[in-house]
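Let me begin by presenting the structure, written as structure tokens, before commenting on it.
In the working numbering, the protein residues as written are 742 to 1058.
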């Protein structure tokens, strides 16, 4: 097997993934680097499994365990495909490189979210749409769990406030799927108020995006992130040793934990509802949602009460 064979296999591999809905621009670049690494060491013949492991580990010193594990996983997936045409191809075993444990996200309290919303409402410049846009968007993220990129990308037509119930249409998101996100009546009302402010302040100009910055264009993620990081520091929100620092993504985590806690308090079957939460958050499977459901005092207390009722009833559902 030579370089041409590997290049041809890569093209058909990526074409197959594309038919399955995968968009692999970054994967293409990564596997092309892998092929160059292989060719530089083995001009002909079988690709040893050890080569894939060596390539995965041959990355910058700043890259952590998770990055090396991802590189090996990418090479392994490709080699599994290659082996169908070249049976002598060696495929590394799973789990050879471990991922770094994901640190628990910072969990905002309701009081902290209110402080963030107040800080956003006090933003300048005076008379601009910027404070209304950022305050409303943060509240929307905390109450629906949508990603920050999904909120920024919302178009006017994606915010359907006249349907029953009102919904957001999240288009072509992280996993290249679209979904509808139902809105609580109070959330929908806040969006209506913002829409009215948007129309009044932005009269004469009507950008396609729903959330608009002070210069009447879509919000900039990096400017928003810079403001958010600075504001959380100013408000004294600091990460514990084993948690991530406060971030916009933490609002999504807050929503997931609050929803799970409410289900427990209502006596609902969390096991049965977990797939619903996964779909709502836009995850591929419920397993992807578990990282968000970190233990909190309220959640542990609610879960403990549910278990006590279960044990008292003799395990009857």
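Beta carbons: idealized from backbone N, C-alpha and C, even for Gly.
- DSSP places residue 911 inside the beta strand (DSSP E), whose first and last residues are 908-911.
- Just so you know, the alpha carbons of residue 743 and residue 789 end up roughly 13 Å apart.
- Around the CB of residue 879, 16 or more other CB atoms lie within 10 Å, so the residue is classed as buried.
- Checking the DSSP bridge columns, you'll see residue 921 partnered with 910.
- For residue 811, the closest C-alpha among the options 837, 757, 909, 886 is that of 837.
- In the three-state scheme derived from DSSP, where H, G and I count as helix and E and B as strand, residue 889 is classed as helix.
- Here residue 839 carries a coil assignment [DSSP, helix/strand/coil].
- 7 Å or more divides the Cβ of residue 828 from the Cβ of residue 817.
- Looking only at 819, 877, 965, the smallest Cα-Cα distance to residue 747 is reached by 819.
- By the beta-carbon neighbour count (other beta carbons within 10 angstroms, threshold 16), residue 928 is buried.
- Rounded to the nearest angstrom, the gap between the Cα atoms of residue 800 and residue 900 is 43 Å.
- For secondary structure counted as the alpha helix (DSSP H) over 4 or more consecutive residues, the region 923-985 holds these complete runs in sequence order: 926-942, 962-975.
- If only uninterrupted alpha helix (DSSP H) runs of at least 4 residues are considered, those enclosed by the region 760-790 are 766-782.
- Residue 995 has its alpha-carbon roughly 20 Å from the corresponding atom of residue 1008.
- The Cβ-Cβ distance between residue 765 and residue 755 falls below 7 Å.
- Under the 10 Å beta carbon count, residue 926 is surrounded by fewer than 16 other beta carbons and is classified as exposed.
- Counting the other Cβ atoms within 10 Å of the Cβ of residue 749 gives fewer than 16, which makes it exposed.
- In this chain, the alpha helix (DSSP H) harbouring residue 818 covers 806-826.
- Looking at the DSSP output, residue 896 sits in a beta bridge with 950.
- Straight-line spacing of the CA atoms in residue 934 and residue 961 works out to 22 Å.
- For residue 862, the enclosing alpha helix (DSSP H) stretches over residues 851-862.
- Residue pairing from DSSP places residue 845 in a beta bridge opposite 984.
- In this structure, residue 809 sits near residue 797, with a CB-CB distance shorter than 7 Å.
- Judged by their CB atoms, residue 889 and residue 989 are nearer to each other than the 7 Å cut-off.
- Annotation for residue 1006: the continuous alpha helix (DSSP H) segment containing it runs 990-1006.
- Selection 930, 823, 780, 776 evaluated against residue 757 yields 823 as nearest (Cα-Cα).
- Sequence-distant Cβ neighbours of residue 870 in its own chain, meaning closer than 8 Å and more than five residues away, are 938, 939, 942, 943, 953, 954, 955, 957.
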